[in-house]
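If you read the protein sequences in the order shown, they are chains A and B.
Taken in order, the first sequence gives residues 1 to 364; the numbers are from this note's numbering.
Taken in order, the second sequence gives residues 1 to 514; the numbers are from this note's numbering.
Heads up, the beta-carbon is just placed ideally off N, CA and C, and yes, glycines get one too.
Note that the coordinates shown come from a computational prediction; the quantities given were computed from them, not determined experimentally.
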Amino acid sequence: MIAGFSRYRTRDYKLNGQIALLLIQDGIVNGAVYALLALAIVLVFAVTRVLFLPQGEFVTYGALSLAALQLGRTPGIVWLLGAAGLLVAAIEVVAALRSGRTSRIPRILGLYAAIPAAVIGLTVWLAPQKPPLAVQIALSIALVVPLGPMTWRLFFQPLAKASVLVLFIVAVAVHFALQGLGLLFFGAEGFRVAPYSEARWDLGAGTMAITGQTLWMVGTSVALMALLYVFFERTLPGKALRATAVNRVGARLVGISATSAGTLAFTLTALIGAISGVLIIAQTTLYYDSGLLIALKGFVGSVVGAVVSYPLAVAGALLVGLLESFGAFWQSAYKEAIVFSLLIPVLLWLSLRAHHIEEEEEEE
Amino acid sequence: MRRGPPLPLLLLAAAFLVAPLVLPSFYITLANYIGLASIVALGLVLITGIGGLTSFGQAAFVGLGAYTTGFLTTAYGLSPWLTLPIGLALTAVVTLPLGLITLRLSGHYLPIGTIAWSISLYYLFANLEGLGGYNGMSGVPPLAIGGHELNSGADFYYLIWSVMAAALATVHNLLDSRPGRAVRSLRGGGVMAESFGIDTAAVKLVIFLYAGLLAALSGWLYAHFMRYVNPTPFGLNASIEYLFMAVAGGASSIWGAIVGAGLLTLLKYWLQDLIPKLIGRTGQFEIIVFGILMVLLFQHARQGVVPLVARRYLKPRRVSVPRQAAPLAMHASYESVDFERYGGRARYCAHARYGRLYQWVMANEGRVALLDADSLVRGDLVAATQGLGDIALVYAVDEPIWHRVLSGFSTYRPSAQSRRFLGRMAGLAALNLTGGRARYSLDQTALYVCATLARADGTPIDTLPLEYCDTTFQDHSLVWSVTQSKQLAGRFQELKSRILQRDGEEGLVLSGQR
């Protein structure tokens, strides 16, 4: 899907060391982004038990917003952001009035009405002026991030205690709705933006080179992962999220609100999704419905880590990237089938392991 | 169970029979689509609503059925009646290994696995040479019964709905049988079913296979109805729509399959007609409405449409108490509870009952009766008077799983081992709670806390000796605690009082009187 390697694929090529290196490079670049998404998926699942398939829509929203801004258009999702913000604000204000906590109202209005309004205003004002790239990227991300907590509040918080299965079906429903809205706001055509860097460093050996774009993608992913690490290890909100992930009831008993943990997790996941989108769209053309396959590849990565381990999820996502790039070289028509069939051995392994644990329990 | 079909059902059947004679052909076609979809949705109801599994890959199985017959009839000129068993066999060959791999995994791997194979099969259909690529295959021959070719929509209407009726009858009979009760006991994790000696893995595999075969059958019908096969109707979106149909209709009722398929098919056609007029563009915009409707359904009526209507307009089936049922030795009054009449209070009684039951079992070691899988889901009062004890357990099918899990202890002969088992059941109940199956009530929380405490002290839940037991009533709810030692009990009491002070905060709902 986000493969830039089709340009290397011609009938005459046989796999040799050089092409293998190119494929590995492509695989790592794509895998780095899948790894970010896999991290987001693990994070949301651990904290809220939601297998968040609509993660892919945050990716396409961020990416297509940037593309729209580059064309000097106002991204359509400003209206989605405004409507969702107003809806959430209304729900929260009513809830606050009912429970008599009127002191919370200014904060609610600030979070769900004022901030989105500011972002929308800024976007509508700046979009026709074609601001510098950095501003465009910041705006695209700022448009998507508030959608994270709003998604949580509107769709998942009322169901916070439902089973994993129910939450997953709801996540699929939300994916459906958001994908349709993506079609509504961005249209059916695909977009792509120019690479963020045209730099190239030849590594000798003729065609082998590292591009600036590669460094941007891998560098951003690694930097973001490092930031997440610091966030989870060093800050109080990060530790609260970890506590909730380890034991929801226990965390609640020591005063960590599951609701605010969910809000935070969804904010982070929207941030990661939007950044991934901005990275990907410089690499390949994205459509309104590209999010599903991208998110699913993150899922495959996270399933390799059994949806609980962060380092394993990253490793799994890199594996997905490599498999995809080699699969595209050998059988480009079947590369999606190849990537998803990776799940079979992984699930087989998980199932054998699960069986083993059951047996152990039986023996006690 | 009902003795015979009631009048409304007969009228409905009559309406079905005459419909093609009076309706315009557009509606016949629509009814055919609904019939085709409800065959698939019926399989999903069986695995999702009744068996507690979820598949996002049913459309791929429909595709297997459709492509098998499409390919074999066009490329090799085989008779459609020959391709049907081949298609079903092929589906079985694909389903069984997939099921073997994924079905034994916990809840969420199955949907992820099914999404993955759904996408894989879709790309396979679209890219395999000889299957016509994205353009598909045309010229699929019509079905012929005894020389009569089924060309018109009305002909197919009768065929499709006969198949649907047969499938419905089969599933209905299956669910009423002993294996069917085993299927129904799967919902809610299957731990309980296993403790009754049901091979849950085998049961899951069988219903998964059956749902796959129903889907392939629908695909076979589809190919000969449309006379044309292309990959689009067998993609992930179609699978999701099938699942929505099953869930919207009411995943726990087999009638939900028809209602859900009907509602969503009609809604889809209506929206595809309406939305372009509203926004002036065409496209798959109906998925926005579908998605949001589905979320609302789950937030407000998770049981689906059929149970919602049934609860409001149909007389609930009375829970009957067999005359020969011996009363629970100590607390006969709790056993004469009529669930319907007591309405909201029934749950409180259920809390109390299990608490008392537990005490009673503790006090009467050696006299606990055995129950079997049938009693698990029969939904009425089961008297087990097998000489040893005179204990009766009540299950209502819609009771939260933890009630049923908790009562599982009575299946084991009492001994040191059964005490261990009880401890383990407490732990399992606690885990089930954290799975969000019920809102927390106080005794549930108590169980959870003590299980956590035990774990924190390095004691595996299933070896919890249960030396300290505390049962009290507070605000009409039962505070029930089982902890390892007096020392732990002190800590537990402290935690309990803290929980009590947080009443109402963040969903720790501390009451049994809801």
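Report task. Please confirm if residue 341 of chain A has its CB atom under 8 Å from at least one CB of chain B. Result -> Flagged as an interface residue toward chain B: residue 341 of chain A, by a C-beta distance shorter than 8 Å.
Requested in this report: Could you check how far apart the C-beta atoms of residue 170 of chain A and residue 289 of chain B are, in whole angstroms? I think they sit under 8 Å.
Outcome: With a Cβ gap of about 15 Å, residue 170 of chain A and residue 289 of chain B do not count as contacting.
Requested in this report: Step through the CB atoms of chain B and report whether any lies within less than 8 Å of the CB of residue 165 of chain A.
Outcome: At least one beta carbon of chain B lies nearer than 8 Å to the beta carbon of residue 165 of chain A.
Query - chain A within 8 Å of residue 58 of chain B, Cβ atoms only - result: Not an interface residue.
Query raised in the report: When the Cα of residue 295 of chain A is compared with those of A:284, A:312, A:309 and A:317, which residue comes out closest?
Result: A check of alpha carbon separations from residue 295 of chain A across A:284, A:312, A:309 and A:317 identifies A:317 as the nearest.
Query raised in the report: Is the beta carbon of residue 81 of chain A less than 8 Å from the beta carbon of residue 147 of chain A?
Result: Yes.
Requested in this report: Below 9 Å between beta carbons is the criterion; list the residues of the segment 130-153 of chain B that meet it against any residue of chain A, in chain order.
Outcome: Among the residues of the segment 130-153 of chain B, none has a Cβ less than 9 Å away from any Cβ of chain A.
Report task. Measure the Cβ-Cβ separation of residue 234 of chain B and residue 43 of chain B and say whether it is below 8 Å. Result -> No.
Query raised in the report: Could one say the Cβ of residue 310 of chain A lies closer than 8 Å to chain B's Cβ atoms, at least one of them?
Result: Among the residues facing chain B, residue 310 of chain A is not included, as its CB has no counterpart in that chain under 8 Å away.
Query raised in the report: What whole-angstrom Cβ distance do residue 80 of chain B and residue 141 of chain B have, given they're in contact under 8 Å?
Result: Contact flag correct, Cβ pair sits at about 7 Å.
**Report entry** Assigned exposure category for residue 95 of chain B - 16 Cβ within 10 Å defines buried
**Finding:** Result: buried.
Query raised in the report: Nearest chain A C-beta to residue 294 of chain B closer than 8 Å, yes or no?
Result: Yes, because at least one Cβ of chain A sits closer than 8 Å to the Cβ of residue 294 of chain B.
**Report entry** Secondary structure of residue 129 of chain B, DSSP reduced to three states
**Finding:** Of the three classes helix, strand and coil, the one that applies to residue 129 of chain B here is coil, per DSSP.
Query - Segments assigned alpha helix (DSSP H), at least 4 residues, entirely inside the segment 188-250 of chain A - result: The segment 188-250 of chain A contains these whole alpha helix (DSSP H) runs: 212-234 and 236-246.
Requested in this report: Put residue 229 of chain B into one of helix, strand or coil per three-state DSSP.
Outcome: Residue 229 of chain B falls in the strand class under three-state DSSP.
Query raised in the report: What residues in the segment 144-174 of chain A have a beta carbon less than 7 Å from any beta carbon of chain B?
Result: Cβ contacts with chain B come from 155, 158, 159, 161, 162, 163, 164, 165, 166, 168, 169, 170, 172, 173 and 174.
Report task. Could you tell me the boundaries of the alpha helix (DSSP H) in which residue 91 of chain A lies? Result -> It spans 77-98 - the alpha helix (DSSP H) in which residue 91 of chain A sits, taken as one unbroken run.
**Report entry** Where residue 23 of chain B falls: helix, strand or coil (DSSP)
**Finding:** Per DSSP, reduced to three states, the secondary structure at residue 23 of chain B is coil, with no helix or strand assignment.
Report task. Decide if residue 10 of chain B is buried, meaning its Cβ has at least 16 other Cβ atoms within 10 Å, or exposed. Result -> Looking at its Cβ environment, which holds fewer than 16 other Cβ atoms inside 10 Å, residue 10 of chain B is exposed.
Query - Of the residues A:301, A:326 and A:341, the one placed nearest residue 37 of chain A, counting alpha carbons only - result: Closest by alpha carbon: A:301.
Query raised in the report: Looking only at DSSP bridge pairs, what is residue 144 of chain B linked to?
Result: In the DSSP output, where bridge partners are listed per residue, residue 144 of chain B has B:149.
Requested in this report: Identify, in the order they occur along the chain, each residue of the same chain with its Cβ nearer than 8 Å to the Cβ of residue 127 of chain B, setting aside the five sequence neighbours on each side.
Outcome: Around residue 127 of chain B: 133.
Query - Three-state secondary structure (DSSP) of residue 55 of chain B - result: Three-state DSSP puts residue 55 of chain B in coil, outside helix and strand.
Requested in this report: Could you name the residues of the segment 54-84 of chain A whose beta carbon sits closer than 7 Å to any beta carbon of chain B, in the order they occur along the chain?
Outcome: Under the 7 Å Cβ criterion, the segment 54-84 of chain A contributes no residue.
Query - Simplified DSSP state of residue 446 of chain B, which is helix, strand or coil - result: In this prediction, residue 446 of chain B scores a pLDDT of 41, lower than 50, which makes its location untrustworthy; the coordinate-derived value is nonetheless stated afterwards. Here residue 446 of chain B sits in helix by DSSP.
Requested in this report: Output, in sequence order along the chain, the residues in the segment 107-139 of chain A whose CB is closer than 9 Å to any CB in chain B.
Outcome: Within the segment 107-139 of chain A, contact with chain B at the beta-carbon level (separation under 9 Å) is assigned to no residue.
Requested in this report: Mind the definition here: the segment 173-182 of chain A touches the segment 282-295 of chain A only if three or more C-beta pairs lie below 8 Å; say whether that holds.
Outcome: Yes: the two stretches touch, three or more of their Cβ pairs being nearer than 8 Å.
Query raised in the report: Looking at the structure shown, is residue 253 of chain B part of a helix, part of a strand, or coil, going by DSSP?
Result: The answer is coil: DSSP assigns residue 253 of chain B none of H, G, I, E or B.
Query raised in the report: Any contact of the segment 15-35 of chain B with the segment 226-243 of chain B, i.e. 3+ C-beta pairs under 8 Å?
Result: No, the segment 15-35 of chain B is not in contact with the segment 226-243 of chain B.
Query raised in the report: Could you give the distance in angstroms between the alpha-carbon of residue 239 of chain A and the alpha-carbon of residue 124 of chain B?
Result: If I take the Cα positions, the gap works out to 45 Å.
Requested in this report: List the residues of chain C that residue 43 of chain A touches, going by C-beta distances under 8 Å, in chain order.
Outcome: No chain C is present in this structure, whose protein chains are A and B.
Query raised in the report: On the three-state DSSP scale, how would you describe residue 286 of chain A?
Result: DSSP places residue 286 of chain A in strand when its eight states are reduced to three.
**Report entry** Beta-carbon gap between residue 218 of chain B and residue 40 of chain B smaller than 8 Å
**Finding:** Cβ atoms of residue 218 of chain B and residue 40 of chain B: closer than 8 Å.
Query raised in the report: Nearest to residue 306 of chain B by CA position, among B:100, B:263 and B:202, is which residue?
Result: Selected option, being the one with the closest Cα: B:263.
Query raised in the report: Which of helix, strand or coil does DSSP assign to residue 138 of chain B?
Result: Secondary structure of residue 138 of chain B (DSSP, three-state): strand.
Query - Any non-hydrogen atom of the ligand MG closer than 7 Å to residue 36 of chain B Cβ - result: You won't find the ligand MG in this model; it holds no ligand whatsoever.
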